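Below is one structure, written out as structure tokens; the observations come after it.
Number of protein chains: 2
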Amino acid sequence: MSNLTLALDAMGGDFGPHVTVPAALQALSHYPHLNIVLVGDRIAVGEQLRRHNATESPRLQLLHAEQVVPMTERPVQALRTRRQSSMRLALDLVRDGQADACVSAGNTGALMAMAKVVLRTLPGIDRPALVATLPTTNNRPVYLLDLGANVVCDSETLFQFAVMGSVLAERVGRRKRPKLALLNVGSEEIKGNDQVQQAAQLLQATPQLNYTGFIEGDGIFTGEVDVIVCDGFVGNVTLKTTEGIARLLLDQLRQSVKGSVLAQCLAWLLKGRLRKLNQQMNPDQYNGASLLGLRGIVVKSHGNADQTAFLRAIEEAMVEVERQVPGRIKDRLESVLLDKS
Amino acid sequence: MSNLTLALDAMGGDFGPHVTVPAALQALSHYPHLNIVLVGDRIAVGEQLRRHNATESPRLQLLHAEQVVPMTERPVQALRTRRQSSMRLALDLVRDGQADACVSAGNTGALMAMAKVVLRTLPGIDRPALVATLPTTNNRPVYLLDLGANVVCDSETLFQFAVMGSVLAERVGRRKRPKLALLNVGSEEIKGNDQVQQAAQLLQATPQLNYTGFIEGDGIFTGEVDVIVCDGFVGNVTLKTTEGIARLLLDQLRQSVKGSVLAQCLAWLLKGRLRKLNQQMNPDQYNGASLLGLRGIVVKSHGNADQTAFLRAIEEAMVEVERQVPGRIKDRLESVLLDKS
Numbered sequence: 001m002s003n004l005t006l007a008l009d010a011m012g013g014d015f016g017p018h019v020t021v022p023a024a025l026q027a028l029s030h031y032p033h034l035n036i037v038l039v040g041d042r043i044a045v046g047e048q049l050r051r052h053n054a055t056e057s058p059r060l061q062l063l064h065a066e067q068v069v070p071m072t073e074r075p076v077q078a079l080r081t082r083r084q085s086s087m088r089l090a091l092d093l094v095r096d097g098q099a100d101a102c103v104s105a106g107n108t109g110a111l112m113a114m115a116k117v118v119l120r121t122l123p124g125i126d127r128p129a130l131v132a133t134l135p136t137t138n139n140r141p142v143y144l145l146d147l148g149a150n151v152v153c154d155s156e157t158l159f160q161f162a163v164m165g166s167v168l169a170e171r172v173g174r175r176k177r178p179k180l181a182l183l184n185v186g187s188e189e190i191k192g193n194d195q196v197q198q199a200a201q202l203l204q205a206t207p208q209l210n211y212t213g214f215i216e217g218d219g220i221f222t223g224e225v226d227v228i229v230c231d232g233f234v235g236n237v238t239l240k241t242t243e244g245i246a247r248l249l250l251d252q253l254r255q256s257v258k259g260s261v262l263a264q265c266l267a268w269l270l271k272g273r274l275r276k277l278n279q280q281m282n283p284d285q286y287n288g289a290s291l292l293g294l295r296g297i298v299v300k301s302h303g304n305a306d307q308t309a310f311l312r313a314i315e316e317a318m319v320e321v322e323r324q325v326p327g328r329i330k331d332r333l334e335s336v337l338l339d340k341s
Numbered sequence: 342m343s344n345l346t347l348a349l350d351a352m353g354g355d356f357g358p359h360v361t362v363p364a365a366l367q368a369l370s371h372y373p374h375l376n377i378v379l380v381g382d383r384i385a386v387g388e389q390l391r392r393h394n395a396t397e398s399p400r401l402q403l404l405h406a407e408q409v410v411p412m413t414e415r416p417v418q419a420l421r422t423r424r425q426s427s428m429r430l431a432l433d434l435v436r437d438g439q440a441d442a443c444v445s446a447g448n449t450g451a452l453m454a455m456a457k458v459v460l461r462t463l464p465g466i467d468r469p470a471l472v473a474t475l476p477t478t479n480n481r482p483v484y485l486l487d488l489g490a491n492v493v494c495d496s497e498t499l500f501q502f503a504v505m506g507s508v509l510a511e512r513v514g515r516r517k518r519p520k521l522a523l524l525n526v527g528s529e530e531i532k533g534n535d536q537v538q539q540a541a542q543l544l545q546a547t548p549q550l551n552y553t554g555f556i557e558g559d560g561i562f563t564g565e566v567d568v569i570v571c572d573g574f575v576g577n578v579t580l581k582t583t584e585g586i587a588r589l590l591l592d593q594l595r596q597s598v599k600g601s602v603l604a605q606c607l608a609w610l611l612k613g614r615l616r617k618l619n620q621q622m623n624p625d626q627y628n629g630a631s632l633l634g635l636r637g638i639v640v641k642s643h644g645n646a647d648q649t650a651f652l653r654a655i656e657e658a659m660v661e662v663e664r665q666v667p668g669r670i671k672d673r674l675e676s677v678l679l680d681k682s
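Same order as they appear, the protein sequences are chains V and E.
Take 1 as the starting number for the first sequence in the numbering used here and just add one per residue.
Take 342 as the starting number for the second sequence in the numbering used here and just add one per residue.
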């Protein structure tokens, strides 16, 4: 396997270097072909390196950044005033070819805005999309996009999302001719708003994509399709609803086994399983979400990711580099558009 | 308590009179002030009455209907061709003052279209909305609307939904000054699309409503607010997502206790609780959904409702009659609009 280099925003997320540095060290020891550039405050990152008995090396470099993007800063503000931030410098490394991908657990809005400006979108892509996987009953996670990068989308944008999601499912998810659906309020052809209706027409006219029709909210989790496309408003509400309902159900199950000793044993038996389910229901927290449609790879880890979760985001970035996701999206889009013209 | 009369679409739903007739009989025996008109095929309904040793009486009348609205028929088609259907005649009874409310488990789209034409909307209301409750961690169900009656909504429509939802929460849910939120992709003021942004401004300028701001998908289930407003596209996807994820979680929990005998015993102990959770996660199936904003009361029971679920829908309609929901919506709207002018 050829070497690859990741730029990590070491300061991003709720725990900054406390999580990113040990996750980076773990990744380096797991993957001999991996190099990492830790971008962040020299002192804070250095302290964590020392704590883990690690030093800079050809495989582990430290790039000092004067600034940090606060978690609550508005994207436009961050874009204008945080040119020396760890997030921005990590993206610059990808743009300049010094890193193959960037991973950050920082401010999502700022990351999307900066990534769009620094890396720019692929030809034919108007807007990048945020994508993550959700669990299904048949254990084949489904790719859902957009998760909130674009609250308003026209049919052309939804079509581009469909191309990007299909490529990701094929290259990273190893699905052959991934089944694709549009999220809608009914599965009948007449249902939905104009954007969804028109996107359906575009997709039906594109044999390179395996478009199967509309799917409703309860169809997300059945595993009947591989990729589901919707605008960022609907996608974000869906993702957060999933997290909320999972928390409610697990909470109520815990409540319901209080009291009975036998039931407490069950709760104990189920504990690991409940934790795993809870993680699955928080996909962006657990596996990281990817920004698709850029001339570079950017993986967003959840702000309160722990070491394991941040390591997962690193691994996601590695796979996307190895499978050349942006290049494949560009190729697929070109072939689709060529066929249409 | 003064007498009240419900018109039941006896033919609606997957099981028609097999469910609606016994549910009606049960309701009549529970509530001495209740009268019911069963609207449906004379023979099919009569057969179910005989099976339950019941006959027509001053409290239980049968109104023959020649037609039934098929579950999959398009609303416009039903509107045009089903003027003698059980659904349509039940709505006519409400319009003519012969019944105080209508309950149907039939085709949702057809019911909404017919109800709008037959009963018409209240003054100041552009479109009726579909509303149901979702469970929360603090056991105070939250009212969510619109659930799919209107896939595209402008800010004015969202504002009207807020008024209607607040009145329902106050009158039926017994909440004092119900807390109201708009469903959005972030809780910060700058987030969301134009409709949501403008609706927020309208709500902030309306002291008669207890508007608390934006809420995200995971906030639906925390019980922090009483009423959540969104367009019918988002609401429908949210409701269906809730049902889907609940099914997935319960399925996976069942899978995870397979094998171990102890765990199986405990699963058996939890069975009732799991069923209850499952019902809560399917609110329109369990309690019925209400059509708000009409000059009359219409409750929609889920198509595959069993006797208990249909009885719940009957009870919901009774409470809405007793608490005079449409009149209160009209009053509230008038006072809000008067204050604004």
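Note that the Cβ used here is the ideal one computed from N, Cα and C, for glycine as well.
Since the model is a prediction, treat every value here as computed from it, not as a measurement.
Beta-carbon spacing of residue i, residue j below 9 Å
i                      : j                      : result
residue 292 of chain V : residue 164 of chain V : yes
residue 122 of chain V : residue 295 of chain V : yes
residue 100 of chain V : residue 168 of chain V : no
residue 302 of chain V : residue 40 of chain V  : no
residue 349 of chain E : residue 377 of chain E : yes
residue 220 of chain V : residue 130 of chain V : no
residue 10 of chain V  : residue 44 of chain V  : yes
residue 379 of chain E : residue 404 of chain E : yes
residue 507 of chain E : residue 536 of chain E : no
CA-to-CA distance, residue j to residue i, given in whole angstroms
i                      : j                      : result
residue 493 of chain E : residue 388 of chain E : 44 Å
residue 142 of chain V : residue 563 of chain E : 26 Å
residue 545 of chain E : residue 85 of chain V  : 37 Å
residue 226 of chain V : residue 132 of chain V : 12 Å
residue 20 of chain V  : residue 136 of chain V : 29 Å
residue 415 of chain E : residue 364 of chain E : 28 Å
residue 237 of chain V : residue 146 of chain V : 11 Å
residue 767 of chain E : residue 498 of chain E : This structure cannot speak to residue 767 of chain E, because chain E is shown only from 342 to 682.
residue 240 of chain V : residue 193 of chain V : 22 Å
residue 58 of chain V  : residue 174 of chain V : 33 Å
residue 591 of chain E : residue 310 of chain V : 28 Å
residue 585 of chain E : residue 211 of chain V : 22 Å
residue 307 of chain V : residue 485 of chain E : 37 Å
residue 53 of chain V  : residue 42 of chain V  : 16 Å
residue 289 of chain V : residue 503 of chain E : 34 Å
residue 541 of chain E : residue 660 of chain E : 30 Å
residue 321 of chain V : residue 34 of chain V  : 11 Å
residue 234 of chain V : residue 575 of chain E : 6 Å
residue 409 of chain E : residue 197 of chain V : 30 Å
residue 252 of chain V : residue 229 of chain V : 31 Å
residue 589 of chain E : residue 479 of chain E : 23 Å
Counterpart residues of residue i in DSSP-defined beta bridges
i                      : result
residue 40 of chain V  : V:64
residue 35 of chain V  : V:5
residue 555 of chain E : E:523
residue 631 of chain E : E:472, E:640
residue 144 of chain V : V:132, V:228
residue 442 of chain E : E:347, E:638
residue 398 of chain E : E:401
residue 413 of chain E : Residue 413 of chain E pairs with nothing; no bridge assigned.
Cβ-based neighbour list, residue i, same chain, cut-off 7 Å, excluding 5 preceding and 5 following
i                      : result
residue 187 of chain V : 213, 214, 215, 216
residue 433 of chain E : 459
residue 469 of chain E : 453, 456, 457, 462, 490, 632, 633, 634, 635
residue 335 of chain V : 208
8 Å CB neighbourhood of residue i in its chain, flanking five on each side removed
i                      : result
residue 656 of chain E : 368
Other residues of its chain near residue i: CB distance less than 6 Å, five sequence neighbours each side excluded
i                      : result
residue 298 of chain V : 102, 115, 291
residue 231 of chain V : 153
residue 171 of chain V : 323, 325, 328
Outcome for residue i when other beta-carbon atoms lying within 10 angstroms are tallied against a minimum of 16
i                      : result
residue 337 of chain V : exposed
residue 397 of chain E : exposed
residue 88 of chain V  : buried
residue 327 of chain V : exposed
residue 681 of chain E : exposed
residue 289 of chain E : As shown, chain E starts at 342 and ends at 682. That puts residue 289 of chain E outside it, with no answer to give.
residue 407 of chain E : exposed
residue 109 of chain V : buried
residue 448 of chain E : buried
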